[in-house]
Ligand code: AMP
């Protein structure tokens, strides 16, 4: 089970941020890094991560500076505009065991390119 209380500097997204392992960059600014999911669940499946270490959305919403939260959320929209997702998209973040979180660095899944299926799978 992943630990989302204590940040693990060796999680895979921390390594991607440090460029220790490769990723296919979609967008980057001083707050955010976005890259293709290695196992896409839709024609467009981008992972959006903050450049500051937060274990999950919980951690982020409790600890991040208001300016950082604001800039991070605004930056997601810059990706939407860059990818021209005019027909819409789904934005998901999984938290902890029940949420199905596998990587303990906050990430949003940005899914589009077709009509995304049911809200949850059992
Ligand atoms: P979650 O289950 O919400 O924690 O999602 C983790 C996501 O990270 C999954 O969709 C994986 O396919 C994706 N993933 C894992 N390793 C990599 C990687 N090296 N590069 C890109 N995506 C990855």
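Numbering (my numbering), first residue to last: 1444 to 1565.
All C-beta atoms in this analysis are idealised placements derived from N, C-alpha and C, irrespective of residue type, glycine included.
Query                                                                                                    : Result
Nearest neighbour of residue 1551, chosen from 1449, 1451, 1529 and 1456 [CA to CA]                      : 1456
Three-state class that DSSP yields for residue 1468 in the structure shown                               : strand
beta-carbon residue 1478 near ligand 1 non-hydrogen atom, thresh 7 Å                                     : yes
Proximity test, residue 1464 beta-carbon vs ligand 1 heavy atom, cut-off 7 Å                             : yes
Uninterrupted alpha helix (DSSP H) stretches inside the region 1476 to 1543 (no shorter than 4 residues) : 1500 to 1506, 1509 to 1526 and 1539 to 1542
Residue 1553 in three-state terms, based on DSSP                                                         : strand
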